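Chains P and Y supply the protein sequences, listed in that same order. Under UniProt numbering, the first sequence has 4 at position 4, and the numbering climbs by one with no breaks. Under UniProt numbering, the second sequence has 194 at position 194, and the numbering climbs by one with no breaks. Let me begin by presenting the structure, written as structure tokens, before commenting on it.
2 protein chains.
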Amino acid sequence: MYKAGDVRVQDTPDPVIERPTDAIVRIVRSCVCGSDLHPYRTMDASDGPVPMGHEFLGVVEETGTEVSGLKSGDMVVSPFAYADNTCAYCQEGFQTSCPRGGFFAAGTGGAQAEAVRVPQAQGTLVRLPVGEDSALLPSLLTLADVYGTGHHAAKQARVGERTTVTVIGDGAVGLLAVLSARQLGAERIILMGRHRSRTDLGRFFGATDVVAERGQEGIEKVRELTGGQGTHAVLEAVGHMPAYEMAVGAVRPGGVISRVGVPQYEAAPVGFSSLFGPNITLTGGPAPVRAYIDELLPAVLDGTVDPGRVFDRTVSLDEVPEGYGAMDRRESLKVLVTP
Amino acid sequence: MYKAGDVRVQDTPDPVIERPTDAIVRIVRSCVCGSDLHPYRTMDASDGPVPMGHEFLGVVEETGTEVSGLKSGDMVVSPFAYADNTCAYCQEGFQTSCPRGGFFAAGTGGAQAEAVRVPQAQGTLVRLPVGEDSALLPSLLTLADVYGTGHHAAKQARVGERTTVTVIGDGAVGLLAVLSARQLGAERIILMGRHRSRTDLGRFFGATDVVAERGQEGIEKVRELTGGQGTHAVLEAVGHMPAYEMAVGAVRPGGVISRVGVPQYEAAPVGFSSLFGPNITLTGGPAPVRAYIDELLPAVLDGTVDPGRVFDRTVSLDEVPEGYGAMDRRESLKVLVTP
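This is the structure we're talking about:
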């Protein structure tokens, strides 16, 4: 990405092993993320060019001398953040805070590419028992980010059987937060979103109600649906201030706002009249999806869930710039990339 | 209270039953709260006069026709917020959000008085198996607010046996947050406070370390003590922005900031570089102390804990203005009032 609206596909040197803990993965599927749209809309030319893409699955081509448990030819999926998976933070399930970890793209080369270098490969990559032609690849790819991120929102909000849930945002993360809340047993799931085809998929994933209204109107609608109380959990999958404000308005006293949309603001209301007075908990962050892959994988493999439905368009590597455009114009929910 | 610095003791009409759910309680012990110091320092004359005091224990004098389970002569303690204790929010343990509830003082008459009207008496008051001359009265009085509030901070932060804790503030709530964290099994409790007599009491209650430094220096000290990581929980018992900033600096990735100091700000940093990036949870609010009295009472009654040690001065009702002054000048930690 060179600057806002300017994505180019170009040849770069092949990635190579730089450290003994690295692996090189040939990419089989990658995709464009909703969070890639933030720089696509705002990036200055002086900040570019940067490699893009942090979601991928593929085949191990080469491993460093300190990598064990992985070998050339293994099919693997990668979390969007690499981590050693052994440090104290990783053990507590916060791999996105691993001191040896980091995010893919700027530091490693992007995953919207033919191949990528994976630091901390042994702690990062998870082997998949499928071949390169598996029909499950789109669903398995969601384990790299959007499914694990939706799941993180629901887990951090402690969604369970007696929980009522509002999900703000009908992008891929919001829709998979619906799926996760459903899997965790939530009795009621209100999806706030305005795009009919997306909210229909949300209903398929388990939403019991859809609220198309926004702002104060949207808040009132959620309150109407819940006898004036709001919901125990609000999963915020957008990241803009109006979504935060809707979350504060829709959450029940004693409830939890769980954010997984990357906040495009730093300060927000948290005082007596917003969070403190009604004992609202604010949680969330970049999802440590590595912590969830083992838990989410079986239901993907046996077809119980089909999170790959969030992909509604497939492009080749050369067509990636068109993929960004389609997502930016909301013609596409999420774009799959086949190199 | 007439205005900042101006507290007067004066005769008012005796409280009477106004609703069938009311009771009248003759006050045996009350006290001055750290939160009373906020208006004592800032209140405009145009906002006064207001009755003061929300922490009390005493003897039931009269009950309304719809109050059962309580009778004249019962010794009782009251949470600082009254509540029906039957609604959905109360059942979930958030009595401070009860639609029929409210806070003592402005709406009910204050508890720094000879008697007070208690709305929703059946749901609010808890009987105590002691007499008016019990040596346990100071400790039992802390169940009305400061002990339950410290406990709320620790519970909301999910303090347990593997939790490291920082407590910000060496007022009564901070010190009792230390005690609560200890009771919940925390392995390490770092108390941030600068008043030696108070932090000594904090050590008695279970603090393993004391940090007298503030601001960036204080943060660095906590990080030094924790191998650079910070603590899993930070219990913030002050309410000013510098305390919030210290909490953000002292908390460990994936950790919890639990606020029980009433925030004297509305907006605060919550974005990628403060809470979101390291997956910090922000929680807390006015403590639903009613939810904790049953749990905390036995150890007070059998002398296992002695939270009443936070009282370091006793005044008569006529001396209450001097009590405010002593707390304001930090000559006194917390002032007990015997009408």
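Ideal Cβ positions, reconstructed from N, Cα and C, are used throughout, including at glycine. These figures come from a predicted structure and were not determined experimentally.
Rounded to a whole number of angstroms, what is the C-alpha to C-alpha distance between residue i and residue j?
i	j	result
residue 283 of chain P	residue 114 of chain Y	44 Å
residue 246 of chain P	residue 37 of chain P	22 Å
residue 235 of chain P	residue 56 of chain Y	40 Å
residue 214 of chain P	residue 335 of chain Y	50 Å
residue 332 of chain Y	residue 106 of chain P	56 Å
residue 156 of chain Y	residue 201 of chain Y	23 Å
residue 179 of chain Y	residue 13 of chain P	60 Å
residue 279 of chain P	residue 6 of chain P	44 Å
residue 268 of chain P	residue 143 of chain P	30 Å
residue 51 of chain Y	residue 239 of chain P	44 Å
residue 163 of chain P	residue 277 of chain P	21 Å
residue 147 of chain P	residue 303 of chain Y	51 Å
residue 17 of chain Y	residue 198 of chain Y	41 Å
residue 325 of chain P	residue 145 of chain P	21 Å
residue 209 of chain Y	residue 90 of chain Y	36 Å
residue 362 of chain P	residue 81 of chain P	As shown, chain P starts at 1 and ends at 339. That puts residue 362 of chain P outside it, with no answer to give.
residue 216 of chain Y	residue 317 of chain Y	42 Å
residue 58 of chain Y	residue 79 of chain Y	12 Å
residue 8 of chain Y	residue 301 of chain Y	35 Å
residue 220 of chain Y	residue 327 of chain Y	30 Å
Just to confirm, are residue i and residue j a CB contact at a threshold of 9 Å?
i	j	result
residue 34 of chain P	residue 171 of chain P	yes
residue 95 of chain Y	residue 307 of chain Y	no
residue 60 of chain P	residue 25 of chain P	yes
residue 159 of chain Y	residue 233 of chain Y	yes
residue 292 of chain P	residue 151 of chain P	yes
residue 341 of chain P	residue 67 of chain P	Look at the range of chain P in this structure, 1 to 339, and you will see that residue 341 of chain P is not part of it.
residue 110 of chain Y	residue 54 of chain Y	yes
residue 281 of chain Y	residue 257 of chain Y	yes
residue 294 of chain P	residue 118 of chain P	no
residue 313 of chain P	residue 138 of chain P	no
residue 230 of chain Y	residue 249 of chain Y	yes
residue 72 of chain P	residue 62 of chain P	yes
residue 135 of chain Y	residue 153 of chain Y	no
residue 108 of chain Y	residue 101 of chain Y	no
residue 254 of chain P	residue 92 of chain Y	yes
Return the chain-ordered list of same chain residues with a C-beta closer than 7 Å to the C-beta of residue i, the five sequence neighbours on each side being excluded.
i	result
residue 161 of chain P	185, 187
residue 218 of chain Y	192, 211, 246
residue 86 of chain Y	123
residue 189 of chain P	165, 167, 178, 181, 182, 206, 207, 208
Find the nearest neighbour of residue i within the set the options, judged by alpha-carbon distance.
i	options	result
residue 104 of chain Y	Y:88, Y:121, Y:20	Y:121
residue 70 of chain Y	Y:23, Y:323, Y:285	Y:23
residue 129 of chain Y	Y:313, Y:333, Y:297, Y:312	Y:297
residue 244 of chain P	P:228, P:229, P:253, P:274	P:274
residue 319 of chain Y	Y:32, Y:68, Y:203	Y:32
residue 222 of chain Y	Y:92, Y:166, Y:19, Y:177	Y:166
residue 88 of chain Y	Y:80, Y:110, Y:97, Y:208	Y:97
residue 133 of chain Y	Y:174, Y:147, Y:29	Y:29
residue 263 of chain Y	Y:277, Y:285, Y:255	Y:285
residue 183 of chain Y	Y:63, Y:299, Y:141	Y:299
residue 10 of chain Y	Y:224, Y:254, Y:112	Y:112
residue 329 of chain Y	Y:90, Y:140, Y:40, Y:15	Y:40
residue 203 of chain P	P:290, P:175, P:79	P:175
residue 75 of chain Y	Y:317, Y:255, Y:27	Y:27
residue 83 of chain P	P:290, P:317, P:252, P:301	P:290
residue 305 of chain Y	Y:327, Y:251, Y:140, Y:220	Y:140
residue 99 of chain P	Y:64, Y:252, Y:80, Y:224	Y:252
residue 64 of chain P	P:220, P:8, P:15, P:81	P:15
Who are the Cβ neighbours of residue i in its own chain at under 6 Å, not counting the five residues just before and after it?
i	result
residue 241 of chain Y	265
residue 49 of chain Y	2
residue 149 of chain P	173, 260, 287
residue 311 of chain Y	138, 334, 336
residue 169 of chain P	237, 238
In its own chain, which residues sit with a C-beta less than 8 Å from the C-beta of residue i, not counting the 5 before and 5 after it?
i	result
residue 42 of chain Y	4
residue 315 of chain P	322, 323, 335, 336, 337, 338
residue 131 of chain Y	75
Output the residue ranges of the alpha helix (DSSP H) runs that lie fully inside the UniProt domain "Alcohol dehydrogenase-like C-terminal" (172 to 284) of chain P and measure 4 residues or longer, sorted by chain position.
Fully contained in the UniProt domain "Alcohol dehydrogenase-like C-terminal" (172 to 284) of chain P are the following alpha helix (DSSP H) runs of length 4 or more, in chain order: 172 to 183, 196 to 205, 215 to 225, 241 to 250.
Beta strand (DSSP E) runs wholly inside the region 94 to 129 of chain Y, at least 3 long, in chain order
115 to 118
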